[in-house]
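Residues in the sequence shown are numbered consecutively from 13, following our numbering. For glycine and all other residues, C-beta sits at the position ideal for the given N, C-alpha and C. First the structure, in the form of structure tokens, and then the observations on it.
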Amino acid sequence: MSMSLRDQLLQAGLVNEKQTREAERQQQQQQQERQKLPKQQRSRPSEQQLAVQQAQQAKLARDQELNRNKQHKAERKARLAQIRQLIEQSRLPKGDTGEYYNFVDGNKIRRIAVDASLRERLHRGEIAIARYDAGYEWVPAATAARIRERDERAIVAQDSAADTGHSDDAYQAFGVPDDLMW
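Here's what the structure looks like:
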């Protein structure tokens, strides 16, 4: 069996026991320092590592924002498709009498063909006017409520007297004189 270098040096008398123990102790210290070194590097990242981490965080935040925007666009597109489908399935035929109902859409006055029955149903609050593509369509009040859930701006006009009760409620206490002539 071969002897270690330490044992061979001891036998030859080139080193003594104290020197070998000192060499072993130094060797163990160096080994411990090598094991600690990577831990210190992990606890104190270099500037380059910090820059890489910041770049990754910035990219992650940008990606999340892009995903959020894409998701909002997809949701909006789905809501518009649902509104279009609701209007197509439940729209009422427009009047053929040549009469028009004028209403305000934003800051413009628009008009839609109407007959007497549609006008009366609108006044009672049974139907509403909804935006559809570049025009307008008559829809039942139940459909208008479902459309309003998806987009408040899609319903243009519904009789306000039907929505708020009766518009003349504040004047009910005042009687109309019998001798009033129009």
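Grouping DSSP H, G and I as helix and E and B as strand, with all else coil, what is residue i?
i    : result
G177 : Unreliable placement is indicated for G177, whose pLDDT of 49 sits below 50; the coordinate value is still reported in the next sentence. Of the three classes helix, strand and coil, the one that applies to G177 here is coil, per DSSP.
N114 : strand
V64  : helix
K106 : coil
A125 : strand
A146 : coil
A185 : coil
D191 : coil
Do residue j and residue i have their beta-carbon atoms positioned less than 7 angstroms apart in this structure?
i    : j    : result
A166 : A146 : no
I95  : R162 : yes
Y112 : R123 : yes
G107 : V126 : yes
A140 : A128 : no
E138 : A154 : no
R46  : T32  : no
Under DSSP, the beta strand (DSSP E) around residue i begins and ends at which residues?
i    : result
E132 : Premise fails: E132 lies in the alpha helix (DSSP H), 128 to 136, not in any beta strand (DSSP E).
V27  : That residue, V27, is in no beta strand (DSSP E); it is neither H nor E in DSSP.
A169 : 167 to 169
How far does the alpha helix (DSSP H) with residue i in it reach, from first residue to last?
i    : result
A156 : 153 to 162
A24  : 17 to 24
Just list the residues that DSSP pairs residue i with in beta bridges.
i    : result
E140 : Reading the sequence as shown, one finds Ala at residue 140 and not Glu. Paired residues: V151.
K120 : D117
Does the segment 105 to 122 come into contact with the segment 59 to 73, if we say contact requires no fewer than three beta-carbon pairs (one atom in each stretch) closer than 8 angstroms? Flag = no, the segment 105 to 122 and the segment 59 to 73 do not touch.
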